[in-house]
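Trainee:
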Amino acid sequence: MNNDSIKLLDADTLARADKLGMAARFIVEGYMAGEHKSPYRGFAIEFSQHREYSPGDDVRHLDWKVLGKTDRYYIKQYEQETNFVAHILVDGSESMQYGSGETSKLDYAKVAAACLAFLIIKQRDAVSLSLFDDSIREELPRGNTQNHLFNILEKLVQFNPKGATDLPGQLHTIANRSQRKGLVIVISDFFDDEEAVLESVQHLRFVGHEVIGLQILDHDEIEFPFNGLVEFEGLENIDNLKTRPTEIRKSYMKEFSDFQKKLQEGFSRNSSHFIECDTSKPLNDVLGSYLTFRRETASK
Numbered sequence: 142m143n144n145d146s147i148k149l150l151d152a153d154t155l156a157r158a159d160k161l162g163m164a165a166r167f168i169v170e171g172y173m174a175g176e177h178k179s180p181y182r183g184f185a186i187e188f189s190q191h192r193e194y195s196p197g198d199d200v201r202h203l204d205w206k207v208l209g210k211t212d213r214y215y216i217k218q219y220e221q222e223t224n225f226v227a228h229i230l231v232d233g234s235e236s237m238q239y240g241s242g243e244t245s246k247l248d249y250a251k252v253a254a255a256c257l258a259f260l261i262i263k264q265r266d267a268v269s270l271s272l273f274d275d276s277i278r279e280e281l282p283r284g285n286t287q288n289h290l291f292n293i294l295e296k297l298v299q300f301n302p303k304g305a306t307d308l309p310g311q312l313h314t315i316a317n318r319s320q321r322k323g324l325v326i327v328i329s330d331f332f333d334d335e336e337a338v339l340e341s342v343q344h345l346r347f348v349g350h351e352v353i354g355l356q357i358l359d360h361d362e363i364e365f366p367f368n369g370l371v372e373f374e375g376l377e378n379i380d381n382l383k384t385r386p387t388e389i390r391k392s393y394m395k396e397f398s399d400f401q402k403k404l405q406e407g408f409s410r411n412s413s414h415f416i417e418c419d420t421s422k423p424l425n426d427v428l429g430s431y432l433t434f435r436r437e438t439a440s441k
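Numbering (the numbering used here), first residue to last: 142 to 441.
(1) So, using beta-carbon positions, are aspartate 359 and threonine 420 closer together than 7 Å?
(2) Based on Cα-Cα distance, which residue from Pro302, Gln356 and Thr438 lies nearest to phenylalanine 408?
(3) To the nearest angstrom, how far is it from the Cα of phenylalanine 225 to the Cα of proline 282?
(4) I'd like to know if the region 338-348 and the region 267-283 are in contact, where contact means that at least 3 CB-CB pairs between them fall below 8 Å.
(5) Within the same chain, show all residues whose beta-carbon is closer than 6 Å to that of glutamine 343, passing over the 5 residues directly before and after it, in chain order.
(6) Between the Cα of phenylalanine 331 and those of Thr438, Pro423 and Leu247, spot the shortest distance and give me the residue it belongs to.
(7) What did DSSP end up calling valine 327 once you bin it into helix, strand or coil?
(8) Check for me: the beta strand (DSSP E) holding histidine 414 runs from which residue to which?
(9) Going by beta-carbon coordinates alone, are histidine 414 and serine 430 separated by less than 7 Å?
(10) In chain order, what residues of the same chain have a beta carbon less than 8 Å from the beta carbon of arginine 346, not counting five sequence neighbours either side?
(11) Helix, strand or coil: how does DSSP classify isoleucine 268 here?
(12) Answer yes if the region 227-235 comes into contact with the region 295-305, meaning at least three C-beta pairs across the two stretches below 8 Å, and no otherwise.
(13) Could you name the residues of the same chain whose beta carbon sits closer than 7 Å to that of glutamate 279, not counting the 5 residues immediately before and after it, in chain order?
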């Protein structure tokens, strides 16, 4: 992760909603201005066409420049004016507390959720939030106001669960609700039974949701760079293991690769997106996956 991003993930930022909001804004606008070339570039909400003013239209959307030139009232017709809703789910289970550096996976997940909520609301779409471990701990219904964004940020900074995970169970719970169908963004390490996880993704798709899985992983979990005699601390009811990493690295990397492949292929079979996110790297993949999805859905 670049130095600016690292500074935004310190303990002080993650302890205050206002600072988390500023960090999210900085990250999103920096990404949009510097890397993403699309109708969203520069983070200005662009309009694709005009239409004549009709009684009841919001006068804030009048194009005063066009009025001055034509002496007629026209409304800017925004590309982002949609009925779209995103449901953000953040996993706070014990395995998400892991971090080889100063930033845990849960810290990274919180910032990712904050950035996505900021981006979604900025684009005039609606977003809901669910925070869970082995059950849903906190929820906010969908909304698209600045006050709603601040409420999301407050929930994120206050979220500090300790339980084991039940990711499939929580996804089935979301699927079983009669809530408005939209995009479900699952932010988790996905360290659960992969077949059960994929069944729950299939359930979400069956009831009409689109799904993006953002898998948050520590760099050590991806590369397994350990040496010497190491004691690995078991998480979520798994015993500790003291061993020499060189003796188990090959089998670990094979098992990890197989696990990742099953998830990738399973999401693909369900016409869903699955993005592996390394906590040592910027949030570009998180933001890029969401914007790509919105571009695709807007063109349908």
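The beta-carbon is built from N, C-alpha and C at its ideal position, and this holds for glycine as well.
Mentor: To lay it out plainly:
(1) yes
(2) Gln356
(3) 14 Å
(4) no
(5) Asn411
(6) Leu247
(7) strand
(8) 414-419
(9) yes
(10) Val352, Asn411, Ser412 and Ser413
(11) Correcting the residue type first, residue 268 is valine in the shown sequence and not isoleucine. Three-state DSSP puts valine 268 in a strand.
(12) yes
(13) Leu272, Lys296 and Phe300
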